[in-house]
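Working notes, beginning with the structure itself.
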Amino acid sequence: MTRYIAKAIKDNQLSKEPIVVINKPGGSAQIGSAYVMSNSGSAYHWLSLSSAQIIGPVAGVGSIKASDLTPLAQMAADTFILITRKESKFKTIKDVLEVAKQKPKSLKMGGTGRYSDDHMCAYLFDKAAKIKSNYIAFSGGGEVMANLLGGHVDVAWANPNECMSQVKGGLVRTLAVSSEKRLAAPLDCPTFSELGLDMVFYQIRGVMAAPGMPEEARKASIEMLKKASQTKEWKDQYLKAKVLEPRFIGGKDYEALIKKTEKMVAEAVKGMKAN
1 MTRYIAKAIK DNQLSKEPIV VINKPGGSAQ IGSAYVMSNS GSAYHWLSLS SAQIIGPVAG
61 VGSIKASDLT PLAQMAADTF ILITRKESKF KTIKDVLEVA KQKPKSLKMG GTGRYSDDHM
121 CAYLFDKAAK IKSNYIAFSG GGEVMANLLG GHVDVAWANP NECMSQVKGG LVRTLAVSSE
181 KRLAAPLDCP TFSELGLDMV FYQIRGVMAA PGMPEEARKA SIEMLKKASQ TKEWKDQYLK
241 AKVLEPRFIG GKDYEALIKK TEKMVAEAVK GMKAN
């Protein structure tokens, strides 16, 4: 995401200063967070943020929480789809729930990692449906898809961009989506809310900054990001290409969203650990 933001800013001359992208991978994003934290008070250090970086520290994976940083803006939202193989006996969510309720823990549900966005979806789904599934964690989306297609799990969680080609190719069936509204074809399927399940969950894709960022710089950065989110480059090359929902939330509203999500995650993690 960061490179697309930088490109939108550069191509539309939204900043007099150059935007330099520095990769700091590893440690469940804690290495990048630590780098930005070490530049406390800086007006020029940003950090890309996803929900995984909110979940990890709350679950005990790392010590730097999202709320330790300066919130700038959410730039997009990524939703989650529960999918199954085309050959699967599961045609609808009703079919899934019938099996899960008959025999707790018999439903094998694939996702990426423990205490990840996918694990969060599995927990929220189980809670909303009053079932107990068997969540199986894999190292990445590719491994999740391979195990689903190989019949090693019954259903799996995927972002739209992760399963688009398999849906188009007729390998995968979409069962339900975690957004408030249905996605466009070919990913069209019922929302969990439509099906009577109280479950809405998005992956946040946003931007944070160093703690103690000067207020004037914070306001200018938020305005710059807002303008970047309105550019054709951002909409076409990132949102449309990655099948993401446009969702700009800036400043105090974004800060409130981060804190609300951390609170929700803390409650969910207790439940995940209990299972």
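If you read the sequence shown in the UniProt record's numbering, its first letter stands for residue 1, the second for the next number, and so on. Where a beta carbon is used, it is the ideal one built from N, C-alpha and C, also for glycine.
Would you please state the rounded distance, in angstroms, between the beta carbons of residue 54 and residue 261? I believe it to be under 8 angstroms. 5 angstroms
Open item on the list: Below 8 angstroms, how does it come out for the stretch 74–82 and the stretch 192–210: are there three or more Cβ pairs, yes or no?
Closed with: yes
* So is residue 44 buried or exposed if we call it buried at 16+ other beta carbons inside 10 Å? -> exposed
Give me the Cβ distance between residue 241 and residue 58, rounded to the nearest whole Å; I'm assuming they're in contact under 8 angstroms.
Contact flag wrong, Cβ pair sits at about 31 angstroms.
- Kindly identify the DSSP beta-bridge partner or partners of residue 203. 78
Using only alpha-carbon positions, find the residue among 194, 225, 181 that is nearest to residue 94. 194
Review point. By a C-beta neighbour count over all protein chains shown, 10 Å radius and 16 as the cutoff for buried, is residue 32 buried or exposed?
Key: buried
(Q) Tell me the rounded alpha-carbon separation between residue 38 and residue 88. (A) 50 angstroms
Practice prompt. Confirm, please, whether the CB-CB distance from residue 153 to residue 147 is below 7 angstroms.
Written response: yes
Use the C-beta contact count for residue 110: other C-beta atoms within 10 angstroms, 16 or more gives buried, fewer gives exposed.
buried
request  = Taking all protein chains shown into account, decide if residue 17 is buried (16 or more other Cβ within 10 angstroms of its Cβ) or exposed.
outcome  = exposed
Quiz item: Going by C-alpha distance, which of 271, 160, 220, 36 is nearest residue 23?
Solution: 36
**Asked** By how many angstroms is the C-alpha of residue 102 removed from the C-alpha of residue 239?
**Response** 40 angstroms
Next on the checklist: On the CB-based measure, 16 or more other CB atoms within 10 Å of its CB, does residue 221 come out buried or exposed?
Outcome noted: buried
Endpoints, beta strand (DSSP E) assigned at residue 138: 134–138
DSSP three-state call for residue 9: helix, strand or coil? helix
Go through its chain and collect everything with a Cβ distance to residue 3's Cβ below 7 angstroms, but skip five positions before and after it. 21
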